[in-house]
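Chemist: First residue of the sequence shown: 0, per numbering that gives the first Met the number 0; consecutive thereafter. For each residue, glycine too, the CB sits at the ideal point set by N, CA and C. The structure displayed is predicted, hence computed values, not measured ones.
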Amino acid sequence: MQSKSNTVSRRTVIKGSAALGAASLAGGLWPLAAAAQGTALETKAAKLGFIALTDAAPLFVADEKGFFKKHGMTEVEVLKQSSWGTTRDNIVLGSKNNGIDGAHILTPMPYLISTGAVTPNNVPVPMNILARLNLGGQCISVGNEYMDLKVGLDTREFKKALQAKAAKTGKPVAAAMTFPGGTHDMWMRYWLAAGGIDPNKDISTIVVPPAQMVANMKVGSMDTFCVCEPWNHQLIHQKIGYTANTTSEIWQNHPEKAFALRADYVQANPNATRALLKAVMEAQMYCEDPKNRAEVAEICSRRRWINAPLADIVDRMKGDFDYGTGRVVSNSPHQMRYWKDQASYPFQSHDLWFLTENIRWGYLPPNLDTKALIAKVNREDLWRVAAKELGVAASDIPTSTSRGVEKFFDGKVFDPANPKAYLDSLSIKYLKSA
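1) Go ahead and label P289 buried or exposed: buried means 16 or more other beta carbons lie within 10 angstroms of its beta carbon, across all protein chains shown.
2) Contact check, N357 vs P107 under 8 Å by CB: the rounded distance?
3) Would you call T38 buried or exposed, if buried means 16 or more other Cβ atoms sit within 10 Å of its Cβ?
4) Curious, which full-length alpha helix (DSSP H) runs of at least 4 residues does the segment 159–205 contain?
5) Does the separation of the CB atoms of S94 and D88 fall below 7 Å?
6) Using CA atoms only, rank isn't needed, just tell me which of F320, R336, M335, Y337 is closest to Y329.
7) At the level of alpha carbons, what is the spacing between V487 and F353?
8) For A192 and Q137, I'd like the C-alpha separation in whole angstroms.
9) How far does the beta strand (DSSP E) with F49 in it reach, from first residue to last?
10) Starting from Y241, follow its DSSP beta bridges and name the residues at the other end.
11) Using alpha carbons as the reference points, say which of N143, I104, N121, H183 lies closest to L129.
12) Answer yes or no: do C299 and T53 have a C-beta to C-beta separation smaller than 7 Å?
13) For L40, which residues from the same chain have a beta carbon less than 8 Å from its beta carbon, with the 5 sequence-adjacent residues on both sides left out?
14) Distance check for A296 and R302, CA to CA, integer angstroms please.
15) State the DSSP-derived secondary structure class of L52, mapped to helix, strand or coil.
16) Counting only the same chain and skipping the five closest in sequence on each side, list residues whose C-beta sits under 6 Å from that of W29.
17) State the start and end residues of the unbroken beta strand (DSSP E) segment that holds I112.
18) Report yes if the C-beta distance between C286 and A51 is below 7 Å; otherwise report no.
19) Within the same chain, show all residues whose beta-carbon is closer than 8 Å to that of L276, passing over the 5 residues directly before and after it, in chain order.
20) Let me check one thing: in DSSP terms, what residues is D321 bridge-paired to?
21) If you check the beta carbons only, do I139 and W190 fall under 7 Å apart?
22) How do the segment 357–370 and the segment 171–188 stand: do at least 3 beta-carbon pairs fall below 8 Å, yes or no?
23) To which residues of the same chain is T11 closer than 7 Å at the C-beta, ignoring the five residues directly before and after it?
24) Would you mind working out which of S220, I196, K431, E281 sits nearest G438, comparing C-alpha positions?
25) Rounded to a whole number of angstroms, what is the C-alpha to C-alpha distance between T182 and A166?
26) If you run the structure through DSSP and keep just helix, strand and coil, what is E405?
27) If I'm right that Q378 touches N127 with Cβ under 8 Å, what's the distance once you round it to whole angstroms?
28) What are the partner residues of A102, as DSSP defines its beta bridges?
29) If you draw a straight line from the C-alpha of M146 to the C-alpha of P208, how long is it?
30) At the level of alpha carbons, what is the spacing between N231 and S426?
31) Rounding to the nearest angstrom, what Cα-Cα distance links A307 and K238 in this structure?
32) Is it buried or exposed, T398, if we count other Cβ atoms within 10 angstroms and call 16 or more buried?
33) Here's a check: name, in chain order, each residue in its chain whose Cβ is nearer than 8 Å to the Cβ of R336, leaving out the five neighbours to either side.
34) At what residues does the beta strand (DSSP E) containing R131 begin and finish?
35) Anyone know if the C-beta pair for A61 and A278 falls short of 7 Å?
36) Judging by CA-CA distance, which residue of K370, A310, I205 is the nearest neighbour of P229?
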């Protein structure tokens, strides 16, 4: 369901672009300015938000293992948010108004916030993406009432079952995601549409905070949902549903969450920004190491972080997937990546895919200047600086802002050099009038 604050007009996008332009002029060349000013930290403080999900682990680890302090950021607060809507609201407020400076965030959100597409009164709040936090690691779950179908990637039989249920009950069937235009919304919509289920007509798409997914499935609020761990595995442990697929089965090693800050924080604190980024990157390396995965799972389970049973977290953190249908995969090629396979680098081509999909579903207008917007929001240049300062091998630093052509489970192909061809190839779409 879309609220008014989640729709965007051409005027809003123009206003957002203007605000981003001003931000770019003010701070876009900060590495040069920082070099001139020295490396002293402008501040040792930052307030960072997170949602109780395992892809926020780099922030947990950066705090628990002392990486923030190692880089001089001794006053970092990592603060739990109840929903992605709350994350947005607190980013809009900023830390000076009792909000936050940045967050573990759904990759499209910094764009939706920067353009004012999802902010109160559509007021743009410029943001910068500094790193990707992970690849993959999300799942689509289905209720046990559909266990006989053992729903997987193919949704054609699922469509028939949903239609039969709707006809029998006279009530709409529902698919839950976590934020309109966010990653979970995109995976759910892509999966449904690939099998001929129109997410705007054939099923009600609803917003449910991650930690409330299992409880809502238990009482029958939805038939399927998309979210990160531990909630998919917890659903199985509570015998309420099963995993239909991991999202990396939809798109192998797809980009997922980002580490992003308000642009005004980045501009005012270039050295502190670099320190935060290096701490997060080191934490990503720590999370990636197989010998640390059990410990990372235990950290995630703690009350101040996810506050969930370790049993709901540890297996999938290690890459072992019991789908709840008899299908079991050990050391899955679809497990979450925090550093391996260039997981941390914020490829601009990936941001372009998310913007293209947001255009597909009418969240953003088709005449959006995506190239200019990405140039202002995505700060892969800062990632490169941080990587070099950390001593990351040159071979592990991408030489291009594009990962190249991406292929999806249904045969669709996204070429970043021609996003229109990709959009034209999709049969189900709802383009917004310009």
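Modeler: Quick answer:
1) exposed
2) 6 Å
3) Exposed, because fewer than 16 other Cβ atoms sit within 10 Å of the Cβ of T38.
4) 182–193
5) no
6) In the sequence as presented, Tyr is not what sits at residue 329; that position holds Ser. Closest option to S329, Cα to Cα, is F320.
7) Residue 487 cannot be examined here, being either before or after the span of the chain that is shown, 0 to 433.
8) 18 Å
9) 44–49
10) Partner(s): V141.
11) I104
12) yes
13) G71, M72, N268, N270, A271, A274
14) 12 Å
15) Coil at L52, not helix or strand.
16) Low local confidence applies: a pLDDT of 37 at W29 is under 50, so the model's placement there is unreliable, with the coordinate-based value given in what follows. Closer than 6 Å at the Cβ level, and outside the excluded window around W29, lie P269.
17) Where I112 is concerned, there is no enclosing beta strand (DSSP E), although the alpha helix (DSSP H) it sits in stretches over 108–113.
18) no
19) L129, A130, F258, L381, W382, A385
20) V327
21) Yes, the pair counts as a contact, with Cβ atoms nearer than the cut-off.
22) yes
23) With a pLDDT of only 46 at T11, under the threshold of 50, the placement of this residue in the model should not be trusted; the figure read from the coordinates follows. Cβ within range, chain order: T114, G115, A116, N121.
24) A query on residue 438 cannot be resolved here, the shown segment of the chain reaching from 0 to 433 and no further.
25) 30 Å
26) strand
27) Here the sequence assigns Arg to residue 378, which means Gln is not the residue at that position. Confirmed, Cβ separation roughly 5 Å.
28) G48, A259
29) 24 Å
30) Near 29 Å, if we compare the C-alpha coordinates of S426 and N231.
31) 16 Å
32) Its Cβ having fewer than 16 others within 10 Å, T398 is exposed.
33) N133, L134, G135, G136, N252, E287, A342
34) 126–131
35) Inclusion of A61 and A278 in the CB contact set at 7 Å is warranted, their separation being smaller than that value.
36) A310
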